[in-house]
Amino acid sequence: MSSPIAPAAAAPEEKLVFVSSCKLPMPWATFELHAFYDEVSGKEHLALTLGDVGNGEAVLGRVHSECLTGDALFSQRCDCGAQLEAALKKIAKEGRGVLFYLRQEGRGIGLLNKIRAYHLQDQGADTVEANERLGFPADMRRYTIVLPMLAHLKITSLRLMTNNPRKVKALEDSGITVAERIALIANHNPFNIGYLGTKARKLGHLLPGLAKTEEKPEKVPLDAHDNE
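Structural data, given as structure tokens:
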């Protein structure tokens, strides 16, 4: 296996600037899409808003880190794509909310390293062990990225959709007010049940009944359509 590629997410700090915004019709509602550029890492980050999010009241929100395989390629190895869709549906149903889409693939290690980690998982490592074998911490994501986005949108408090208490703490430690945590359970399936168990056991995610589920390589039937 070739050496891991150092992720751009390892940048010591961020300097986000607002670029532009536009209407984005989606299946559930027409959101406002806001684009931001990080002058330190060169990455683009997004915020999707619906309704008046800057009126001072706590905003239903999701801080979602990019997962190309789950969000765009419908991978069943994780629950990311399903959580993304579920969060947008909840915001649309409420008529007001925000979703931050952060370019922090693979819990911050980058897409190519994530594929390398998947290869190690295919051989029996769990999701935390795979990252560590590549020389990375289990989670490298930075949530200070959200601060200038919140300030631009005039959001002062979030009702956060997440199963991850560490995310709540990281946001609060960054100076972000989390008024409420709302569970976001989605797409538990035979391909990701062990992965979710590892997140519950080793990363503290609040996933009832899954903490004892071990992560093992999934044997894919010959006629299966999922090729991961």
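In terms of this note's numbering, the sequence shown opens at residue 58 and continues consecutively.
Using N, Cα and C, we set each Cβ at its ideal position, and we do this for glycine too.
Model, not experiment: these values are computed from the prediction.
_Any contact between the stretch 187 to 195 and the stretch 210 to 221? By contact I mean 3 or more CB pairs, one from each, below 8 Å._
Contact between the stretch 187 to 195 and the stretch 210 to 221 is absent, because fewer than three Cβ pairs lie under 8 Å.
*For residue 211, which of 116, 72 and 71 has the nearest alpha-carbon?*
The residue with the shortest Cα to Cα distance from residue 211 is 116.
*Could I get the ranges of all uninterrupted beta strand (DSSP E) runs contained in the stretch 86 to 120, with 3 residues as the minimum, in chain order?*
For the stretch 86 to 120, the continuous beta strand (DSSP E) assignments of 3+ residues that do not extend past its boundaries occur at 87 to 95 and 101 to 107, in sequence order.
*Which residues share a DSSP beta bridge with residue 185?*
According to DSSP, which records beta bridges pairwise, residue 185 is partnered with nothing at all.
*Helix, strand or coil: which one does DSSP assign to residue 139?*
In the structure shown, residue 139 sits in a helix (DSSP, three-state: H, G or I).
*Going by alpha carbons, who is nearest to residue 153 out of 245, 231, 118 and 125?*
If we check each option's Cα against that of residue 153, 118 comes out closest.
_Exposed unless 16 or more other CB atoms sit within 10 angstroms - verdict on residue 79_ = The residue is exposed, with fewer than 16 neighbouring Cβ atoms inside 10 Å.
*How far does the beta strand (DSSP E) with residue 84 in it reach, from first residue to last?*
Annotation for residue 84: no beta strand (DSSP E) segment contains it, and DSSP assigns it neither H nor E.
*Tell me whether residue 218 sits in a helix, a strand or coil according to DSSP, three-state version.*
DSSP places residue 218 in strand when its eight states are reduced to three.
*Look at residue 121 and residue 106 and say whether their C-beta atoms are less than 8 Å apart.*
Residue 121 is not a Cβ neighbour of residue 106, given a cutoff of 8 Å.
_Applying the 10 Å Cβ sphere with the 16-neighbour rule, what's the burial state of residue 264?_
Per the 10 Å Cβ criterion, buried.
*Which residue or residues does DSSP assign as beta-bridge partners of residue 77?*
Residue 77 pairs with 92.
*Could you give the DSSP three-state label for residue 255: helix, strand or coil?*
DSSP, reduced to helix, strand and coil, places residue 255 within a helical segment of the structure shown.
*Have a look at 204, 93, 126 and 98 and flag the residue whose alpha-carbon is nearest the alpha-carbon of residue 169.*
It is 126.
*Does the distance from the C-beta atom of residue 262 to that of residue 221 stay below 8 Å?*
Less than 8 Å divides the Cβ of residue 262 from the Cβ of residue 221.
_DSSP-derived helix/strand/coil call for residue 237_ = If DSSP states are grouped into helix, strand and coil, residue 237 belongs with the strands.
*Inter-residue Cα distance where the pair is residue 172 and residue 159*: Rounded to whole angstroms, the separation of the alpha carbons of residue 159 and residue 172 is 19 Å.
*With 16 as the cutoff for other CB atoms within 10 Å, does residue 249 come out buried or exposed?*
Buried.
*Per the contact definition of three or more C-beta pairs closer than 8 Å, is the stretch 94 to 109 in contact with the stretch 229 to 244?*
Note that the stretch 229 to 244 does not touch the stretch 94 to 109; fewer than 3 beta-carbon pairs, one per stretch, sit closer than 8 Å.
*Report yes if the C-beta distance between residue 243 and residue 140 is below 8 Å; otherwise report no.*
Result yes, Cβ atoms of residue 243 and residue 140 sit closer than 8 Å.
*Does the Cβ of residue 217 lie closer than 7 Å to at least one heavy atom of the ligand SAH?*
This structure does not include the ligand SAH; it has no bound ligands of any sort.
*Should residue 234 be labelled buried (16 or more other beta-carbon atoms within 10 Å of its own) or exposed?*
Answer is exposed; the Cβ neighbour count stays below 16.
*Look at the Cβ atom of residue 197, then the Cβ atom of residue 73, and state whether they are nearer than 8 Å.*
Contact: no.
_Inter-residue Cα distance where the pair is residue 71 and residue 135_ = A straight line joining the alpha-carbon of residue 71 with that of residue 135 spans about 28 Å.
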